[in-house]
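The next block holds one structure in the form of structure tokens; read it before the comments.
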DNA sequence: CGGTTTATTGAAATGCGTCAACGATTGTGG
DNA sequence: CCACAATCGTTGACGCATTTCAATAAACCG
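Protein chains in written order, with the working numbering: chain R, 464 to 677; chain G, 464 to 677.
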């Protein structure tokens, strides 16, 4: 068994990410239906976004057309933070969602009033860096561990024992770089050892972390 | 086969990373013998570093004590950039090396007053981010592809057809998340199809990229 | 040189992916 | 609200890539 720290569209504890901030007040709201795109890969990145309700997935494709899900974003999470001019991924709603849309210009000038622009950018970049490093760690562990830690992180975010899995098994598989069947089998096994129990396919009850890791 | 862009301690073409920069002028020099540690995981990160001669590996361990090599750093590369207080990895010299040691405090105060330093630091951090993202992509491809691209990236860095592999097969394996035997077999296969040829275990001649990918 | 470390090679075991069939859930129109 | 279709998830059988274990060979270092 390998160790793993997995973050799923996790926000930092900074003021930027918790509750209503000055930045959020500069935002407008947008409603999304299931499957609707927020932005496309290659589009110039003029806004950043924050999930209020629902769930967003970001993804890209490798040269063989295989889909790679790069993150799931839940209420409170910011996404679309790419610092270079163009979005490097697609973003779309997994479930009906409400998001905040924040103009990049306004954001950066606001950051400037708190700190220096450079420091703000550094912080954002460093968060992305941590995320990417955690993803690397995750991809080094076994299939069952990836699934278990995925669930654990979701639980940690939710704070309730009941966890929503708004995304499909295929989404999870493309995020963890596994076959959908492997994800399914891992979930079944976790249920067999009663680490989790299913309410529906998309809502489960997660027990202790220890048992998750087993 | 999956697509893959792998970067190994790659410097950008920016002024920061080639030759002497303003950041480098704040540095002192340190000599390291083979296997010597630069810093330890958990140590508070008071400096950042730049390789002048030799090769540095960074690594950590998973919960089972299995070693995970997170990067190889060659002349021109910066490492130890963790922005949070503590180093998240160990760093040690693979070969006798000379490195620059740059005080973090000086660096950060320079960041606040000097725009070029701030931009430089952003560049370096962005490079590290790219590196981590490429690592994630790399870990999604097959064993043979990982080895092939690893070699190709080394060649691209060196600019010579003759490539140094100062690290052991085990180092490569721990970096690519493969068994040492798998790395060895991949290399053997590449030699059989005469994509590479060995001078010694640690110096090879690499031919075209096309053949590497095969 | 001889001993130690490091790399290669082969054989067997295993984990995960693929393919295919089946079962459950969701959405739609009567 | 039901029935049906379409989608999504589960399960089993099998194959292949990679790991593991074990033996041998090559390089390194006193």
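C-beta: ideal position from N, C-alpha, C; glycine also.
In angstroms with no decimal places, state the Cα-to-Cα distance between residue 617 of chain G and residue 635 of chain G. Looking at the backbone, the Cα of residue 617 of chain G and that of residue 635 of chain G are separated by about 12 Å.
Simplified DSSP assignment, three categories, for residue 501 of chain G: Under the three-state reduction of DSSP output, residue 501 of chain G falls in the strand class.
(message) If you reduce the DSSP assignment to three classes, tell me which class residue 540 of chain G lands in.
(response) Looking at residue 540 of chain G - three-state DSSP - the assignment turns out to be coil, as it is neither helix nor strand.
Query raised in the report: Does the region 535 to 550 of chain G come within contact of the region 507 to 517 of chain G, defined as at least 3 CB pairs closer than 8 Å?
Result: Contact holds: three or more Cβ-Cβ distances are below 8 Å.
Quiz prompt | For residue 611 of chain G, the three-state DSSP class (helix, strand or coil) | solution = Residue state for residue 611 of chain G is assigned as helix, using DSSP reduced to three classes.
- Residues in the region 587 to 600 of chain G having any Cβ partner in chain R nearer than 7 Å: Answer set for the region 587 to 600 of chain G: 588, 589, 591, 592, 595, 596, 598, 599.
Margin query: Against residue 640 of chain R, what residues of chain G qualify as contacts under a CB-to-CB distance less than 8 Å, listed in chain order?
Written below: For residue 640 of chain R, the residues of chain G that pass the 8 Å Cβ criterion are 602, 603, in the order they occur in the chain.
Any C-beta of chain R under 8 Å from that of residue 584 of chain G: Cβ-Cβ to chain R under 8 Å: yes for residue 584 of chain G.
Leaving out the 5 sequence neighbours to the left and right, which residues in its chain are closer than 8 Å to residue 489 of chain R when beta-carbon positions are compared? In its chain, beyond the 5 residues on either side, 565, 566, 569, 570, 573 have a beta carbon closer than 8 Å to the beta carbon of residue 489 of chain R.
Does the region 593 to 608 of chain G come into contact with the region 594 to 602 of chain R, if we say contact requires no fewer than three beta-carbon pairs (one atom in each stretch) closer than 8 Å? Yes, since at least three Cβ pairs between the region 593 to 608 of chain G and the region 594 to 602 of chain R fall closer than 8 Å, the two stretches touch.
Open item on the list: According to DSSP, simplified to helix, strand and coil, what is residue 551 of chain R?
Closed with: Correct three-state label for residue 551 of chain R: coil.
Notebook entry, point to check: Does residue 531 of chain G come within less than 8 Å of chain R when only Cβ atoms are used?
Noted result: Yes, residue 531 of chain G counts as interfacial toward chain R.
For residue 630 of chain R and residue 520 of chain R, believed in contact at Cβ under 8 Å, the rounded distance: Contact holds; Cβ gap of about 6 Å.
**Request:** Compare the beta carbon distance of residue 522 of chain R and residue 531 of chain R with 8 Å and say whether it is the shorter of the two.
**Result:** In this structure, residue 531 of chain R lies closer than 8 Å to residue 522 of chain R by Cβ.
Have a look at residue 649 of chain R and residue 539 of chain G and give me their C-alpha separation to the nearest angstrom. Rounded to the nearest angstrom, the two C-alpha atoms are 44 Å apart.
What are the complete alpha helix (DSSP H) segments, minimum 4 residues, inside the region 581 to 642 of chain G? 606 to 621, 632 to 639, all fully within the region 581 to 642 of chain G.
Point to revise | Given residue 753 of chain G as reference, the closest of G:518, G:497, G:493, G:549 once Cα atoms are compared | key: No answer is possible for residue 753 of chain G: it lies beyond the span of chain G, which begins at 464 and ends at 677.
Original post:
Do the CB positions of residue 594 of chain G and residue 627 of chain G come within less than 8 Å of each other?
Top reply: It is not a contact, given that the beta carbons lie outside the stated cut-off.
message = Considering only the alpha carbon of each residue, which of R:632, R:637, R:664, R:641 lies closest to residue 625 of chain R?
response = Per the Cα distances, R:664.
Residue 637 of chain G burial status per 10 Å Cβ neighbour count (16 or more: buried) = When all chains shown are included, residue 637 of chain G counts as buried.
Report task. Quick one: measure Cβ to Cβ for residue 668 of chain R and residue 662 of chain R, integer angstroms, because I've assumed they're closer than 8 Å. Result -> Their Cβ separation, rounded to whole angstroms, is 7 Å, which keeps residue 668 of chain R and residue 662 of chain R in contact under 8 Å.
message = Report the CB separation of residue 589 of chain R from residue 588 of chain G in whole angstroms; it is logged as a contact under 8 Å.
response = Confirmed, Cβ separation roughly 7 Å.
Original post:
By a C-beta neighbour count over all protein chains shown, 10 Å radius and 16 as the cutoff for buried, is residue 612 of chain G buried or exposed?
Top reply: Classification for residue 612 of chain G: buried.
*asked:* Quick check: the Cα distance between residue 563 of chain G and residue 557 of chain G, rounded to an integer number of angstroms?
replied: Per the coordinates, the alpha-carbon of residue 563 of chain G lies some 16 Å from the alpha-carbon of residue 557 of chain G.
Worksheet item: Using the rule of at least 16 other Cβ atoms within 10 Å of the residue's Cβ for burial, across every protein chain shown, is residue 496 of chain G buried or exposed?
Response: With fewer than 16 other Cβ atoms within 10 Å, it is exposed.
Practice problem: From the DSSP output, in three-state form, read off residue 507 of chain R for me. | Solution: The answer is strand: DSSP assigns residue 507 of chain R an E or B state.
Going straight from the alpha carbon of residue 633 of chain G to that of residue 605 of chain R, what length do you get? Residue 605 of chain R has its alpha-carbon roughly 20 Å from the corresponding atom of residue 633 of chain G.
Practice problem: Consult DSSP for residue 646 of chain R and reduce its assignment to one of helix, strand or coil. | Solution: In the three-state scheme derived from DSSP, where H, G and I count as helix and E and B as strand, residue 646 of chain R is classed as helix.
Where do the N-terminal and C-terminal ends of the beta strand (DSSP E) with residue 660 of chain R fall, by residue?
-> Its beta strand (DSSP E) spans residues 659 to 663.
Can you have a look at residue 657 of chain G and say buried or exposed, based on whether 16 or more other CB atoms are within 10 angstroms of its CB? Classification of residue 657 of chain G: exposed, given that the 10 Å Cβ count is below 16.
Query raised in the report: Between residue 647 of chain R and the rest of its own chain, which residues show a CB-CB distance below 7 Å, the 5 nearest in sequence each way excluded?
Result: Once the five neighbours on either side are set aside, the close Cβ partners of residue 647 of chain R are 632.
Check for me: the beta strand (DSSP E) holding residue 490 of chain G runs from which residue to which? Unbroken beta strand (DSSP E) run through residue 490 of chain G: 490 to 495.
Review point. Is it the case that the Cβ atoms of residue 592 of chain R and residue 584 of chain G are separated by a distance below 8 Å?
Key: With respect to the 8 Å criterion, residue 592 of chain R and residue 584 of chain G are not classified as neighbours on the basis of their beta carbons.
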